[in-house]
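Colleague: Following my numbering, the numbering of the sequence shown begins with 206 at its first residue and continues without gaps.
Think of the CB as a built atom: it goes at the ideal place given N, C-alpha and C, for glycine as much as any other residue.
These numbers were taken from a predicted model, which means no experiment stands behind them.
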Amino acid sequence: MSLKTVATTPFAGQLPGTSGLRKKVTVFQQPHYLENFVQALFDVLHGDAPAAGQTLVLGGDGRFHNRVAVQTILKMAAARGYGKVLVGQGGILSTPATSAVIRRRGASGGIILSASHNPGGPDGDFGIKYNATNGGPAPEKLTQAIYERTQTLTQYRLSDAPDIPLDTLGTHTMEGMAIEVIDPVSDYAAVQRELFDFGAIRRLFADGFRLRYDAMWAVGGPYAKAIIEGELGAPAGTVVNAEPKEDFGGLHPDPNPAYADDLIAHLMAPDAPDMGAASDGDADRNMILGRGFIVSPSDSLAVLTAHATKVPGYASGLAGVARSMPTSTAADRVAKALGIACYETPTGWKFFGNLLDAGKATLCGEESYGTGSNHVREKDGLWAVLFWLNLVAVTGQSVEQLVRGLWAEHGRCVYSRHDYDGIPTENANALMAELRAQLPALGGQTVEGQHIAWADDFAYTDPVDGSVSQKQGVRVVLEDSSRVVFRLSGTGTEGATLRVYLERHEPDASRHDVPAQDALAPMVTLARTLARIEHHTGMAQPSVMT
206 MSLKTVATTP
216 FAGQLPGTSG
226 LRKKVTVFQQ
236 PHYLENFVQA
246 LFDVLHGDAP
256 AAGQTLVLGG
266 DGRFHNRVAV
276 QTILKMAAAR
286 GYGKVLVGQG
296 GILSTPATSA
306 VIRRRGASGG
316 IILSASHNPG
326 GPDGDFGIKY
336 NATNGGPAPE
346 KLTQAIYERT
356 QTLTQYRLSD
366 APDIPLDTLG
376 THTMEGMAIE
386 VIDPVSDYAA
396 VQRELFDFGA
406 IRRLFADGFR
416 LRYDAMWAVG
426 GPYAKAIIEG
436 ELGAPAGTVV
446 NAEPKEDFGG
456 LHPDPNPAYA
466 DDLIAHLMAP
476 DAPDMGAASD
486 GDADRNMILG
496 RGFIVSPSDS
506 LAVLTAHATK
516 VPGYASGLAG
526 VARSMPTSTA
536 ADRVAKALGI
546 ACYETPTGWK
556 FFGNLLDAGK
566 ATLCGEESYG
576 TGSNHVREKD
586 GLWAVLFWLN
596 LVAVTGQSVE
606 QLVRGLWAEH
616 GRCVYSRHDY
626 DGIPTENANA
636 LMAELRAQLP
646 ALGGQTVEGQ
656 HIAWADDFAY
666 TDPVDGSVSQ
676 KQGVRVVLED
686 SSRVVFRLSG
696 TGTEGATLRV
706 YLERHEPDAS
716 RHDVPAQDAL
726 APMVTLARTL
736 ARIEHHTGMA
746 QPSVMT
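Dropping the structure here:
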């Protein structure tokens, strides 16, 4: 074995978005593309020095190109002088499990290979991101430095050692670096045991409670099988679509009503199970359903906040709760009643990291089906499912009853997100620029019969380190506190996606069952008029409504 130095030239566009660098698989398959990014990462982390004695965690969601990328990164880590790499068996580690391993094993950081909820397969998407010592996503200053380094790179180094066998647990050596192939579930399961009343959940299943957990042919399957069926005693077959597949079985591994139609059909059937759940490609997102009832992610965060002290890991109470700006204000209302802080951050889980590390927040959530807590520094799909199971077990209430209890006490935050996908980037930028130009004059106007109280371009000052993030989404707030939010997504790989978030608070219990799209229809009209959506996008209707 020996080390090789390979000459290279920069690639344009290797700027990580809200959750790492995501591109089409064919882009990552270009010679030097992955290597350039990894070399830039190592250069930023270590400068001219080797990573001697440091431990790196490595794994991914098992999508197409995962195994090839793992082997490349192992060889580059060996060339960089890492002391040890912990790699998930089969090259697999869910995103929350990677965070758990980093934190439990005292690793210096970890590399996650995933494009999360994006489609997989040879024609699908691929992604890479770095998680820091706290187990959370790299902050913006680090990702910006990585990008800047990719634009000046002239060479990278790697070992010419043979590939490591990834499917068998054990330890190997490469250029003096230890490589330990670890059980991808064990550290993660240990964390969950410390948080939840497994005994109460076992009794729930023993008494006949039925759950359908759709792992969407993604990485959450092995975790859910091991914990829900293995440790908690749910009947075999409770977890479906459980084997991780490189193309996610040809499906879109995004747990929302647009893509989890099979799960929704089961929960709406006459013989529906008591609860349904799904996780996404890398198992950090979740969807929760009751029998004949769909739970919005914003309501899920609010319910967990309201009942957290009923769960062992949170019995002493919450320091605070945090939500992304587009997420509904349901959690704010619960936090106010509990007398705890509620923080509003930009979209992107990395913004929660400082709040969690500083002990300012305990639970966090995003409207995009992500929920988590201070147990790791990522959102955690299976954790959310276990939390709900624990609440059902100890309260004796159904999923629907828990949500309706939230509405009865705090009113319902009727909520929806409309996505316009594949917009030419210049058109999307023009739409946002035009919106921003209107902001100074919007307050006090009446548009499409809606009275606007104020409008702004959301900026965030981190209460821990004082860093400022500008232009995080245009907010238009009506006199009754209803909101329309516009922002461009940073998780796609082609063109731009315009996301329009709509929220209306409904205190009248007699209107809690009005379908969301009907209740929000006047605000949809307002949004289309203000942003001239059809003019800029050519689209009369959104691609997806959730």
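Are V211 and Y361 close, meaning C-beta to C-beta below 9 Å?
Modeller: Taking the sequence shown and counting its residues from 1, one reaches residue 211 at position 6. Taking the sequence shown and counting its residues from 1, one reaches residue 361 at position 156. Closer than 9 Å, so yes.
Colleague: Kindly say whether L703, judged by its beta-carbon, lies nearer than 9 Å to any beta-carbon of chain C.
Modeller: Note that chain C does not occur in the displayed structure, where there is just one protein chain.
Colleague: Quick check on this structure: which residue in H580, Q244, F233, A284 has the alpha carbon closest to the alpha carbon of A753?
Modeller: Shown here, the chain extends from 206 to 751; a query on residue 753 therefore has no answer.
Colleague: For K334 and D248, what's the separation of their Cα atoms in angstroms?
Modeller: Taking the sequence shown and counting its residues from 1, the one referred to as residue 334 is at position 129. Taking the sequence shown and counting its residues from 1, the one referred to as residue 248 is at position 43. When rounded, the distance between both Cα atoms is 15 Å.
Colleague: Can you check whether the CB of D662 is closer than 9 Å to the CB of L644?
Modeller: In the sequence shown, counting from the first residue as 1, residue 644 sits at position 439. In the sequence shown, counting from the first residue as 1, residue 662 sits at position 457. Yes; because the gap between Cβ atoms is below 9 Å, this pair is in contact.
Colleague: Comparing C-alpha positions only, which one of G586, P215, L647 sits nearest to Y238?
Modeller: Your numbering for residue 238 matches position 33 in the sequence shown. Out of G586, P215, L647, P215 has the C-alpha closest to the C-alpha of Y238.
Colleague: Between which two residues does the alpha helix (DSSP H) holding T734 run?
Modeller: Translated into positions along the sequence shown, residue 734 becomes position 529. It spans 726-736 - the alpha helix (DSSP H) in which T734 sits, taken as one unbroken run.
Colleague: Opposite R417 in the DSSP bridges: which residues?
Modeller: By 1-based counting over the sequence shown, the position of residue 417 is 212. In DSSP, R417 forms a bridge with G481.
Colleague: Less than 8 Å between the CB atoms is what I'm expecting for I384 and V290, so what's the real figure, rounded?
Modeller: Position 179 of the sequence shown holds residue 384. Position 85 of the sequence shown holds residue 290. Rounded, the Cβ-Cβ distance is 5 Å, consistent with contact.
Colleague: Under a three-way DSSP split, which group does H471 fall into?
Modeller: Working through the sequence shown from its first residue, we reach residue 471 at position 266. Residue state for H471 is assigned as helix, using DSSP reduced to three classes.
Colleague: Helix, strand or coil for T510, going by three-state DSSP, please let me know.
Modeller: Looking up residue 510 in the sequence shown gives position 305. In this structure, T510 counts as helix in the three-state DSSP scheme.
Colleague: Rounded to the nearest angstrom, how far is the Cβ of M492 from that of N446, given a contact under 8 Å?
Modeller: Walking along the sequence shown from the start, residue 492 turns up at place 287. Walking along the sequence shown from the start, residue 446 turns up at place 241. M492 to N446, Cβ: 14 Å. No contact.
Colleague: Residues in the same chain with beta-carbon distance under 6 Å from S501, minus the five sequence neighbours each way, listed in chain order, please.
Modeller: Position 296 of the sequence shown, counted from the first residue, corresponds to residue 501. Excluding its 5 nearest sequence neighbours in each direction, S501 has C-beta neighbours in its own chain below 6 Å: Y620, listed in chain order.
Colleague: Would you check if the distance between the CB atom of F269 and the CB atom of G326 is smaller than 9 Å?
Modeller: Residue mapping note: residue 269 aligns to position 64 of the sequence shown, counting from 1. Residue mapping note: residue 326 aligns to position 121 of the sequence shown, counting from 1. Cβ distance < 9 Å, so F269 and G326 count as in contact.
Colleague: Applying the 10 Å Cβ sphere with the 16-neighbour rule, what's the burial state of A439?
Modeller: Here residue 439 refers to the residue found at position 234 when the sequence shown is read from its first residue. Classification of A439: buried, given that the 10 Å Cβ count is 16 or more.
Colleague: Threshold first: 4 residues or longer. Then list the alpha helix (DSSP H) segments lying entirely within the segment 486-561, N to C.
Modeller: 502-512, 535-543
Colleague: Ordered along the chain, which non-local residues of its own chain (more than five positions away) have a Cβ less than 7 Å from that of Q650?
Modeller: In the sequence shown, the residue the question calls residue 650 occupies position 445. Only I657 meet the Cβ criterion.
Colleague: Hey, out of D485, Y519, L472, whose CA is closest to G497's CA?
Modeller: The residue labelled residue 497 in the question sits at position 292 within the sequence shown. Out of D485, Y519, L472, L472 has the C-alpha closest to the C-alpha of G497.
Colleague: Contact defined as beta carbons within less than 8 Å: I believe Q244 pairs with L358. What is the distance between those atoms, to the nearest angstrom?
Modeller: Mapped onto the sequence shown, residue 244 falls at position 39. Mapped onto the sequence shown, residue 358 falls at position 153. Q244 to L358, Cβ: 6 Å. Contact.
Colleague: Using beta-carbon positions only, say whether P475 and L560 come within less than 9 Å of one another.
Modeller: Counted from its first residue, the sequence shown places residue 475 at position 270. Counted from its first residue, the sequence shown places residue 560 at position 355. The answer is no: Cβ separation not under 9 Å.
Colleague: Can you check whether the CB of E711 is closer than 9 Å to the CB of C618?
Modeller: For the purposes of this step, residue 618 is identified with residue 413 of the sequence shown, where counting begins at 1. For the purposes of this step, residue 711 is identified with residue 506 of the sequence shown, where counting begins at 1. The answer is yes: Cβ separation under 9 Å.
Colleague: Check I387 in the structure and name its three-state DSSP category.
Modeller: As a working note, residue 387 is residue 182 in the sequence shown. DSSP places I387 in strand when its eight states are reduced to three.
Colleague: Measure the alpha-carbon distance for V749 versus D685 and round it to whole angstroms.
Modeller: Residue 749 sits at position 544 when you count from the first residue of the sequence shown. Residue 685 sits at position 480 when you count from the first residue of the sequence shown. Looking at the two C-alpha atoms, the distance is approximately 27 Å.
Colleague: Roughly how many angstroms separate the alpha carbons of F403 and L318, rounded to a whole number?
Modeller: Reading the sequence shown from its first residue, position 198 is the one you call residue 403. Reading the sequence shown from its first residue, position 113 is the one you call residue 318. Whole-angstrom Cα-Cα distance: 31 Å.
Colleague: Let me confirm a value: D365 is counted as buried when at least 16 other C-beta atoms fall within 10 Å, else exposed. Which label applies?
Modeller: In the sequence shown, counting from the first residue as 1, residue 365 sits at position 160. Within 10 angstroms of the beta-carbon of D365 lie fewer than 16 other beta-carbons, which makes it exposed.
Colleague: Since M281 is in the alpha helix (DSSP H), which residue starts that stretch and which ends it?
Modeller: In the sequence shown, residue 281 corresponds to position 76, counting from 1. Note, M281: alpha helix (DSSP H), 271-285.
Colleague: Determine the burial state of L456: buried for a count of at least 16 other Cβ atoms within 10 Å of its Cβ, exposed for fewer.
Modeller: As a position in the sequence shown, residue 456 is number 251, starting the count at 1. With 16 or more other Cβ atoms within 10 Å, it is buried.
Colleague: Taking the straight line between their C-alpha atoms, what separation do you get for V597 and F691?
Modeller: Position 392 of the sequence shown holds residue 597. Position 486 of the sequence shown holds residue 691. Their Cα atoms are separated by approximately 35 Å.
Colleague: State the Cα-Cα distance for the pair V590 and G225, rounded to the nearest angstrom.
Modeller: Position 385 of the sequence shown, counted from the first residue, corresponds to residue 590. Position 20 of the sequence shown, counted from the first residue, corresponds to residue 225. When rounded, the distance between both Cα atoms is 25 Å.
Colleague: Quick one: residues in its chain with C-beta nearer than 7 Å to the C-beta of E434, no 5 flanking neighbours on either side, listed in chain order?
Modeller: Looking up residue 434 in the sequence shown gives position 229. Excluding sequence neighbours, E434 sits near A441, T443, V444.
Colleague: Applying the 10 Å Cβ sphere with the 16-neighbour rule, what's the burial state of K209?
Modeller: For the purposes of this step, residue 209 is identified with residue 4 of the sequence shown, where counting begins at 1. With fewer than 16 other Cβ atoms within 10 Å, it is exposed.
Colleague: Is I369 helix, strand or coil by DSSP?
Modeller: On the sequence shown, residue 369 is found 164 positions in, with the first residue counted as 1. Three-state result, I369: coil.
Colleague: When the Cα atoms are used, what is the spatial distance from Y393 to E605?
Modeller: For the purposes of this step, residue 393 is taken as residue 188 along the sequence shown, with counting starting at 1. For the purposes of this step, residue 605 is taken as residue 400 along the sequence shown, with counting starting at 1. Between Y393 and E605, the C-alpha separation is close to 29 Å.
Colleague: Using C-beta distances below 6 Å, list every residue in its chain close to A312, excluding the 5 sequence neighbours before and after it, in chain order.
Modeller: Here residue 312 refers to the residue found at position 107 of the sequence shown. T260, V262, listed in sequence order.
Colleague: Taking the straight line between their C-alpha atoms, what separation do you get for Q675 and A664?
Modeller: Translated into the one-based positions of the sequence shown, residue 675 becomes position 470. Translated into the one-based positions of the sequence shown, residue 664 becomes position 459. Going by the C-alpha atoms only, they are around 5 Å apart.
Colleague: My output table needs one value for W659: the three-state DSSP class, helix, strand or coil.
Modeller: In the sequence shown, residue 659 corresponds to position 454, counting from 1. It is a strand residue.
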